[in-house]
Amino acid sequence: MVVKQETKSMTGNDAASYAALFAKPDVIAAYPITPQTTIVENLSRFVDEGKLEAEFVIVESEHSALAACMGAAWSGVRTFTATSSQGLLYMAENVFWTGYGRLPIIMPVVNRCLAPGWNIWPDFQDSMAFRDAGWIQMYTKNNQEVFDTTLQAFKISESKDIALPSMPCLDGFVISHTTGQVDLPDPEDAFEFVGPYDDPVIALDVENPWAYGSMTGPDQYSKHRRDLMVAMERAKKKIIDVHKEFEERFGRSYGNGLIEPYGDDEADLTLVTLGTIGDEAHEAIDRLKAEGHNVNALRVRTFRPFPVENIVEFAKKNHKLVVIDRAASFGHDGPLRIEVEAVLKRHNVDTSVSGKIMGLGGEDVPYSAIIDLAKKELKE
Amino acid sequence: MIEVIQISRGGSGGITGAKILAESAMYEGLDAQAIPKYGSERRGAAVEAYIRFSNAPIRIHSPVYEPNHAMILDISLLDRIDISKVDKDGVIVVNSKEVPEELKGTGRKVAYVDATGISLELGLVLSGFTLVNMTMLGAFVKGTELISFENLEKAIRNYWGEKRAPKNVEAAKRAYEETKVVRA
Chain A
1 MVVKQETKSM TGNDAASYAA LFAKPDVIAA YPITPQTTIV ENLSRFVDEG KLEAEFVIVE
61 SEHSALAACM GAAWSGVRTF TATSSQGLLY MAENVFWTGY GRLPIIMPVV NRCLAPGWNI
121 WPDFQDSMAF RDAGWIQMYT KNNQEVFDTT LQAFKISESK DIALPSMPCL DGFVISHTTG
181 QVDLPDPEDA FEFVGPYDDP VIALDVENPW AYGSMTGPDQ YSKHRRDLMV AMERAKKKII
241 DVHKEFEERF GRSYGNGLIE PYGDDEADLT LVTLGTIGDE AHEAIDRLKA EGHNVNALRV
301 RTFRPFPVEN IVEFAKKNHK LVVIDRAASF GHDGPLRIEV EAVLKRHNVD TSVSGKIMGL
361 GGEDVPYSAI IDLAKKELKE
Chain B
1001 MIEVIQISRG GSGGITGAKI LAESAMYEGL DAQAIPKYGS ERRGAAVEAY IRFSNAPIRI
1061 HSPVYEPNHA MILDISLLDR IDISKVDKDG VIVVNSKEVP EELKGTGRKV AYVDATGISL
1121 ELGLVLSGFT LVNMTMLGAF VKGTELISFE NLEKAIRNYW GEKRAPKNVE AAKRAYEETK
1181 VVRA
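Residue numbers (my numbering), protein chains in the order written: chain A, 1 to 380; chain B, 1001 to 1184.
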């Protein structure tokens, strides 16, 4: 049965903050950076007002913020932080430590492009740079999905058979500072869904001491990395299961949790997207269909683990995929396009793939631009 | 879908006003969105915000380029809006004691009120900036008739809380009563 919820008007950063508040993390350490800052401000206010009983660790940098979270996570408690862009880069060493160390820290990344040129607007270059850091990455399309995904992330990451950190990603400003409507459950219902973090893989136990981060030879090292690969594979099913449980309790869903198809199962042309461009693409699809074009869309919600099977299955029924990337792998192409193409090739799917890099540094990608792209691709 | 562009000066509360307007539309049963345009905006500089209302879920995330209505919190920023892009049946809501010269004879629907005067009388001043945001929301709902004053008041009270709400509600109410709507 779907629980009672109340519609509120709030920014995307507020939505991330409420998800964290309701999940009751024990430790929060974060450093302000535009456009993430209001998440940290909200949480420090919640702690100050006594709404949240968490240890709020004040730090002097993002590197220290994640280091403090790592210490907390190693002691076996629920841990939360958030960052953006240059702040994420400054954390880099610890981002890999967290992923490879299997610490289930939840860290929304409010996507903002990287300098130079100095620019505070969104693209996905920041989180894409950490594609291989061993974190679950989910890209959201609106304020509601930020709340829902952040809440789900705790349950997915902290599962004993997963033990991986999560990076819910939200477009800077376009989501983070935009006011929209969010259906909020009662905090008790939200917490009941997440559950307490009472059975961590790693926890401080003075009776049974362990050492972490010691010298590891090649045999053990590659075994650890293989374990990480296997855990990521397991995470696919976990994401689907948690998403389904969420839907049963709160009545909202995003495809199967890994991918969100939109429109008919089969079309002449498919727009493949990440983030808010996915929402804007839905608008474009409806308008193109009204003009008689046979088009549909596929929003990749979970980028890591990459939903290989779902993309292959979807692509088999379709004819031409046009991937819109909001990041670039210089010397190659857009990261999403590269992966989609590779997956289809490996599975002998002959659906054609093309793509375009759009929206870098906050360049606006209105539905009209998506319609123009689709029409051009339909002609080719 | 109804789209609005609001122009204000940094420090006068425009971004907060846009947020509150989106919340009042929610009480009206509409989906609503308020997008602040950030960049090198600072106190005294021109600041844009975009507001959308719709009966259906809003899936557009872009700025507004061709608004149904425009709201100008500082009349010296009137030239920042390309009036030809504003829907011809839309309302141009301005903080002005009279119909601005630039709009006279254009046939445009203009809603005007001396928001600065009202806000000053009520002492809505912060760090030297007259806060005309709530005042202008009163003028907006009067001029466009999209949202009831009751729902605007509810959003203002919810945002400002018991202590700070009365003055802000008073500012909106006085503007709502004093706004004149004419064909320029």
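Ideal placement from N, C-alpha and C gives every residue a C-beta, glycine not left out. The structure presented is a predicted model; accordingly, all values stated were derived computationally and were not measured.
query	result
What are the residues in the segment 1051-1065 of chain B lying within 7 Å of chain A by C-beta distance?	ARG1059, ILE1060, HIS1061, SER1062, PRO1063
Smallest Cα separation from ILE1020 of chain B: which of B:MET1136, B:THR1130, B:VAL1086, B:GLU1098?	B:MET1136
Figure out for me which residue from A:VAL340, A:PRO305, A:THR179, A:ALA369 has the closest Cα to the Cα of MET167 of chain A.	A:PRO305
Compute the distance between the beta-carbons of LEU103 of chain A and ILE136 of chain A, then report whether it is under 8 Å.	no
Using DSSP with H/G/I as helix, E/B as strand and the rest coil, what is ILE240 of chain A?	helix
Is the shortest distance between the beta-carbon of GLN1033 of chain B and the beta-carbons of chain A less than 8 Å?	yes
What would DSSP say about LEU1073 of chain B, mapped onto helix, strand or coil?	coil
With DSSP as the reference, label SER166 of chain A as helix, strand or coil.	strand
Pull up the DSSP beta-bridge partners for ASP325 of chain A, would you.	A:ILE357
Would you call PRO218 of chain A buried or exposed, if buried means 16 or more other Cβ atoms sit within 10 Å of its Cβ?	exposed
Give every residue of the same chain whose Cβ lies closer than 7 Å to the Cβ of MET1036 of chain B, excluding the five residues on either side of it in the sequence, and list them in chain order.	The amino acid occupying residue 1036 of chain B in the given sequence is Pro; Met does not appear at that position. Taken in chain order, the residues that qualify are ILE1015, ALA1018, ALA1049.
Could you have a look at VAL1125 of chain B and say whether DSSP puts it in helix, strand or coil?	strand
State yes or no: is the beta carbon of PHE96 of chain A nearer than 8 Å to at least one beta carbon in chain B?	no
Between which two residues does the beta strand (DSSP E) carrying GLU6 of chain A extend?	5-11
Hey, would you say the C-beta of LEU1120 of chain B is under 7 Å away from at least one heavy atom of the ligand ADP?	Judged by which ligands are present, the structure shown has none, so any question about the ligand ADP falls away.
For a cutoff of 8 Å on Cβ pairs, would you count THR81 of chain A as touching chain B?	no
Contact criterion: CB-CB distance below 8 Å. Does MET1134 of chain B meet it with respect to chain A?	no
Please state the DSSP three-state secondary structure of VAL295 of chain A.	strand
Starting from the C-beta of GLU233 of chain A, find all residues in its chain whose C-beta is less than 8 Å away, skip the five residues before and the five after it, and write them out in chain order.	PRO305
Rounded to the nearest angstrom, how far is the Cβ of ALA302 of chain A from that of LEU336 of chain A, given a contact under 8 Å?	Checking the sequence, you will find Thr at residue 302 of chain A rather than Ala. Between LEU336 of chain A and THR302 of chain A the Cβ distance is about 12 Å, and since that is not below 8 Å, they are no contact.
Applying the criterion that 16 or more other CB atoms from any shown protein chain within 10 Å of the CB defines a buried residue, is PHE330 of chain A buried or exposed?	exposed
SER1084 of chain B: which of B:LYS1097, B:SER1096, B:GLY1107, B:PRO1100 sits nearest, CA to CA?	B:GLY1107
Ordered along the chain, which non-local residues of its own chain (more than five positions away) have a Cβ less than 8 Å from that of LEU151 of chain A?	ALA19, PHE22, ALA23, ALA190, PHE193, VAL194, PHE246
Which same chain residues, not among the five before or five after ASP199 of chain A, have their C-beta less than 7 Å away from its C-beta?	LYS160
Spatial neighbours of ILE1092 of chain B within its chain, please: C-beta separation below 6 Å, excluding the five flanking residues on both sides.	ALA1070, ARG1108, VAL1110
Closest to LEU228 of chain A by CA distance: which of A:GLY101, A:GLU49, A:LEU89 is it?	A:GLY101
Along chain A, which residues have their Cβ under 8 Å away from the Cβ of ALA1023 of chain B?	Residue 1023 of chain B is actually Glu in this sequence, not Ala. Ordered by position in chain A, the residues that pass the 8 Å Cβ test against GLU1023 of chain B are SER9, THR179.
Take the Cβ of ARG112 of chain A as the centre, count every other Cβ of all protein chains shown within 10 Å, and call the residue buried at 16 or more, exposed below.	buried
Compute the distance between the beta-carbons of THR273 of chain A and LYS320 of chain A, then report whether it is under 8 Å.	no
Say whether the segment 308-319 of chain A touches the segment 344-354 of chain A, bearing in mind that this needs 3 or more beta-carbon pairs closer than 8 Å, one atom from each stretch.	yes
Could you tell me which of A:GLN5, A:GLY50, A:ALA29 sits nearest to GLY71 of chain A, measuring between CA atoms?	A:ALA29
My understanding is that ILE383 of chain A touches GLY76 of chain A, with C-beta atoms under 8 Å, so please give their C-beta distance in whole angstroms.	Residue 383 of chain A falls outside the range modelled here, since chain A spans only 1 to 380, and no answer is possible.
State the start and end residues of the unbroken beta strand (DSSP E) segment that holds GLN181 of chain A.	179-185
Tell me the DSSP secondary structure of LYS24 of chain A in three-state form.	coil
Residue range of the beta strand (DSSP E) that LYS1180 of chain B falls in?	1180-1183
Report yes or no: is there a C-beta of chain B within less than 8 Å of the C-beta of ASP333 of chain A?	no
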